[in-house]
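Undergrad: Numbering (the UniProt record's numbering), first residue to last: 1 to 487.
Using N, Cα and C, we set each Cβ at its ideal position, and we do this for glycine too.
Submitted below is the structure of interest, expressed as structure tokens.
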Amino acid sequence: MNDQEPIQLRSELRERRKKEQKHFKLLKWGIPLVLLSVLLIGGFSIKQFFDQRALDAQIKVEKQIIIENSQKAQKQSGFETIKNVKERRNITQIIYSPKEKDTFPIADFSEKSKKMMDDIMKKQKTKEPIVLVAGLGTTSYTEHLGAYHIQVDTYQWQINKNNFEKIATKTDSPLYINQKTGKPVTSKELIAEDANLLGIHQVIQQQILDEAEDPKKIIDAVLDLPVLNWESKITYAPEELKITLQKNDTGVSKISLPYQKIRPFIQQNLVNPAVFTEDVQALDPNKKYIALTFDDGPSAATTPKVLKVLAEKKVKSTFFLLGQNAKEYPELVQQIQKDGHEIASHSYSHPQLTALTADQVTKEVRETDKAIFNATGILPRTFRPPYGAVNPEVAKAIGKPVIQWDIDSLDWQSKNTHSVIEVVKQTSHPGGIVLMHDIQQSTADGIATIIDNLKSHGYEFLTIEEMFQLNERPLYQYFGLENYRKI
Ligand SMILES: [Zn+2]
Numbered sequence: 001m002n003d004q005e006p007i008q009l010r011s012e013l014r015e016r017r018k019k020e021q022k023h024f025k026l027l028k029w030g031i032p033l034v035l036l037s038v039l040l041i042g043g044f045s046i047k048q049f050f051d052q053r054a055l056d057a058q059i060k061v062e063k064q065i066i067i068e069n070s071q072k073a074q075k076q077s078g079f080e081t082i083k084n085v086k087e088r089r090n091i092t093q094i095i096y097s098p099k100e101k102d103t104f105p106i107a108d109f110s111e112k113s114k115k116m117m118d119d120i121m122k123k124q125k126t127k128e129p130i131v132l133v134a135g136l137g138t139t140s141y142t143e144h145l146g147a148y149h150i151q152v153d154t155y156q157w158q159i160n161k162n163n164f165e166k167i168a169t170k171t172d173s174p175l176y177i178n179q180k181t182g183k184p185v186t187s188k189e190l191i192a193e194d195a196n197l198l199g200i201h202q203v204i205q206q207q208i209l210d211e212a213e214d215p216k217k218i219i220d221a222v223l224d225l226p227v228l229n230w231e232s233k234i235t236y237a238p239e240e241l242k243i244t245l246q247k248n249d250t251g252v253s254k255i256s257l258p259y260q261k262i263r264p265f266i267q268q269n270l271v272n273p274a275v276f277t278e279d280v281q282a283l284d285p286n287k288k289y290i291a292l293t294f295d296d297g298p299s300a301a302t303t304p305k306v307l308k309v310l311a312e313k314k315v316k317s318t319f320f321l322l323g324q325n326a327k328e329y330p331e332l333v334q335q336i337q338k339d340g341h342e343i344a345s346h347s348y349s350h351p352q353l354t355a356l357t358a359d360q361v362t363k364e365v366r367e368t369d370k371a372i373f374n375a376t377g378i379l380p381r382t383f384r385p386p387y388g389a390v391n392p393e394v395a396k397a398i399g400k401p402v403i404q405w406d407i408d409s410l411d412w413q414s415k416n417t418h419s420v421i422e423v424v425k426q427t428s429h430p431g432g433i434v435l436m437h438d439i440q441q442s443t444a445d446g447i448a449t450i451i452d453n454l455k456s457h458g459y460e461f462l463t464i465e466e467m468f469q470l471n472e473r474p475l476y477q478y479f480g481l482e483n484y485r486k487i
């Protein structure tokens with residue numbers, strides 16, 4: 001029995017050993033496998049951890065570059081700014097707001113910038129890092145005109161390039177600045193002179209008529225339109241001037257005037273030069289120009305002959321009509337217009353305006369405007385006072401550029417054809433304005449020779465508008481091309 005025991009023990013022992021060996025095998029291979037996995041996973045995580053850190057560091061560096069560049073750009077604007085940085089998830093917001101908040105021309109700069117950024121972020125769906133930079137953008141149009149606007153640049157992280165790229169720039173509407181004052185341009189700076197207010201008033205009157213369905217119905221209201229003054233509501237806008245008209249019966253309460261239309265009446269260096277188109281051909285300084293003008297008509301007896309000669313000789317001139325005659329002979333006024341001549345005003349009944357009250361002057365001008373409008377559909381732009389008599393009060397009541405002359409044919413005095421021809425021949429000079437009267441028989445008889453003489457001396461003929469390129473202004477009087485002055 002004793003012998004059996006050890007045998008049994010031995011076999012048990014063997015079995016146990018076998019089992020142990022099995023365990024050992026499992027341990028021998030299993031542990032390294034587990035360890036390897038742990039190492040691999042751990043290593044991967046550690047690599048990922050370090051990669052992310054490197055990326056974060058790279059993003060940080062690139063962000064810093066954006067900040068440095070934007071800081072430089074802000075410095076160039078000439079304003080001291082305060083930088084405000086806000087980080088939220090993948091988005092970094094940087095706002096450069098003006099330090100002198102109260103005196104800075106754009107009000108609520110920070111609030112407006114934030115609003116612009118919020119609008120951009122609402123549309124942004126990416127998970128990549130985004131940097132938004134809001135600051136002051138400036139533009140210089142002329143030495144005098146600049147503009148400020150809020151500008152928001154959007155930078156987005158580019159995974160494959162490992163840097164930020166600007167993907168969008170958004171700007172709000174610009175605020176126009178007088179570079180001399182650093183303040184927004186005002187309509188007063190733009191218009192500057194009473195003469196220009198009157199000039200703009202003329203343009204408004206014609207524009208209302210041009211845009212009216214039935215201009216004849218509103219002509220009285222247009223002629224009675226309260227004259228534009230410094231208290232009128234005039235708003236500067238980049239491409240046009242917006243005016244709220246005083247109470248009137250034209251049916252128009254607000255009007256927008258393109259700067260091109262009021263070019264002579266504004267400080268042109270205070271508007272964007274892009275709004276102007278060159279539609280007037282410049283005069284050639286080497287050419288001899290002269291303007292023929294005819295006063296006091298039209299006359300049924302003599303004006304048709306003058307018109308016939310002008311048509312034959314292909315010469316354009318300017319007719320300063322009397323309102324009472326224009327009213328009597330509208331078909332002659334229409335013929336003058338049809339032939340391509342310029343029609344201007346010479347008062348209604350030919351009084352010496354300096355002897356009248358302002359109201360009486362206004363009435364003379366108004367009635368002539370109406371008579372010429374009824375015949376032609378347009379208002380005369382310029383005015384010649386009878387006898388050339390004018391003073392500042394009269395000029396203001398006239399409200400139109402005053403066209404005088406520097407070559408007097410004296411046809412009204414001599415009433416002699418030969419004399420008229422000789423006087424014009426002797427006194428003509430380049431850039432001159434010749435005064436004649438189409439109601440004088442001597443002029444009607446002599447005009448063909450007068451034109452031939454001038455042509456043989458190399459003169460070219462201009463209307464008044466052509467001579468002054470539509471730059472004539474109220475409160476100024478014009479004697480010749482280079483000869484004009486304030487009244
Ligand atoms: Zn006259």
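(1) Take the Cβ of P273 as the centre, count every other Cβ of all protein chains shown within 10 Å, and call the residue buried at 16 or more, exposed below.
(2) Got a sec, what are the start and stop residues for the alpha helix (DSSP H) Q469 sits in?
(3) Please list the terminal residues of the continuous alpha helix (DSSP H) segment that includes T443.
(4) How big is the Cα-Cα spacing for M1 and L13?
(5) Verify whether the separation of the beta carbon atoms of F179 and L136 is less than 9 Å.
(6) Looking only at its own chain, which residues have a Cβ that is under 7 Å from the Cβ of Q477, when we skip the five neighbours before and after it?
(7) Report back the beta-carbon spacing between I150 and F109 to the nearest angstrom; my notes put them in contact at under 8 Å.
(8) Below 9 Å between beta carbons: does that hold for F383 and A344?
(9) Identify every run of the beta strand (DSSP E) within the segment 231–257, keeping only runs that are complete inside it and at least 3 residues long; order them along the chain.
(10) Just the C-alpha distance for P304 and P351, rounded to the nearest angstrom, thanks.
(11) Taking 5 Å as the limit, name every residue whose beta carbon sits nearer than that to some heavy atom of ligand 1, in sequence order.
(12) Based on the DSSP output, what are the partners of G340 in its beta bridges?
(13) Which same chain residues end up closer than 7 Å to D445 when comparing Cβ atoms and leaving out the 5 residues on each side of it in sequence?
(14) If you check the beta carbons only, do A397 and T368 fall under 9 Å apart?
(15) At the level of alpha carbons, what is the spacing between M121 and F104?
(16) Using the three-state DSSP reduction, which class does N163 fall into: helix, strand or coil?
(17) Taking the straight line between their C-alpha atoms, what separation do you get for F294 and T171?
(18) Per DSSP, N178 forms a beta bridge with which residues?
(19) Compare the Cα-Cα distances from T154 to each of D339, A168, E342 and report the closest residue.
(20) Within this structure, are the beta carbons of I130 and I91 separated by less than 9 Å?
(21) Check whether the segment 257–264 and the segment 283–294 are in contact - that is, three or more C-beta pairs closer than 8 Å.
(22) For F461, write down the residues that DSSP places opposite it in a beta bridge.
TA: Taking the geometry as given:
(1) The residue labelled residue 273 in the question sits at position 273 within the sequence shown. Label assigned to P273: exposed.
(2) The residue given as residue 469 occupies position 469 in the sequence shown. Premise fails: Q469 is in no alpha helix (DSSP H) and is neither H nor E.
(3) Along the sequence shown, one-based indexing puts residue 443 at 443. Here the alpha helix (DSSP H) through T443 covers 441–456.
(4) Counting from 1 along the sequence shown, the entry for residue 1 is found at position 1. Counting from 1 along the sequence shown, the entry for residue 13 is found at position 13. Low local confidence applies: a pLDDT of 46 at M1 is under 50, so the model's placement there is unreliable, with the coordinate-based value given in what follows. In a straight line, the C-alpha of M1 is about 18 Å away from that of L13.
(5) By 1-based counting over the sequence shown, the position of residue 179 is 179. By 1-based counting over the sequence shown, the position of residue 136 is 136. A quick correction: the sequence has Gln, not Phe, at residue 179. Their beta carbons are not under 9 Å apart, which means Q179 does not touch L136 by this criterion.
(6) For the purposes of this step, residue 477 is taken as residue 477 along the sequence shown, with counting starting at 1. Correct list, in chain order: V390, V402, Q404, Y484, R485, I487.
(7) Reading the sequence shown from its first residue, position 150 is the one you call residue 150. Reading the sequence shown from its first residue, position 109 is the one you call residue 109. With 8 Å as the limit, I150 and F109 qualify as a contact, their Cβ atoms being about 7 Å apart.
(8) Mapped onto the sequence shown, residue 383 falls at position 383. Mapped onto the sequence shown, residue 344 falls at position 344. Yes.
(9) 233–236, 240–244
(10) Along the sequence shown, one-based indexing puts residue 304 at 304. Along the sequence shown, one-based indexing puts residue 351 at 351. So the two alpha carbons sit approximately 25 Å from each other.
(11) D295, D296, P386
(12) The count along the sequence shown starts at 1 and reaches residue 340 at position 340. Answer by DSSP bridge pairing: none, since G340 is not bridged.
(13) Numbered from its first residue, the sequence shown carries residue 445 at position 445. Around D445: T417.
(14) Within the sequence shown, the letter at position 397 stands for residue 397. Within the sequence shown, the letter at position 368 stands for residue 368. Against a cut-off of 9 Å, the Cβ pair of T368 and A397 comes out as no contact.
(15) On the sequence shown, residue 121 is found 121 positions in, with the first residue counted as 1. On the sequence shown, residue 104 is found 104 positions in, with the first residue counted as 1. Taking the straight line from one Cα to the other gives about 27 Å.
(16) Numbered from its first residue, the sequence shown carries residue 163 at position 163. If DSSP states are grouped into helix, strand and coil, N163 belongs with the strands.
(17) Here the question's residue 294 lines up with position 294 in the sequence shown. Here the question's residue 171 lines up with position 171 in the sequence shown. Rounded to the nearest angstrom, the two C-alpha atoms are 56 Å apart.
(18) Position 178 of the sequence shown, counted from the first residue, corresponds to residue 178. For N178, which the question treats as bridged, DSSP gives the partners L145, K183.
(19) Locating residue 154 in the sequence shown gives position 154, counting from the first residue. That would be A168, whose Cα lies nearest to the Cα of T154.
(20) Position 130 of the sequence shown, counted from the start, is the residue given in the question as residue 130. Position 91 of the sequence shown, counted from the start, is the residue given in the question as residue 91. Cβ distance < 9 Å, so I130 and I91 count as in contact.
(21) no
(22) Looking up residue 461 in the sequence shown gives position 461. Note: F461 sits in a beta bridge opposite I290.
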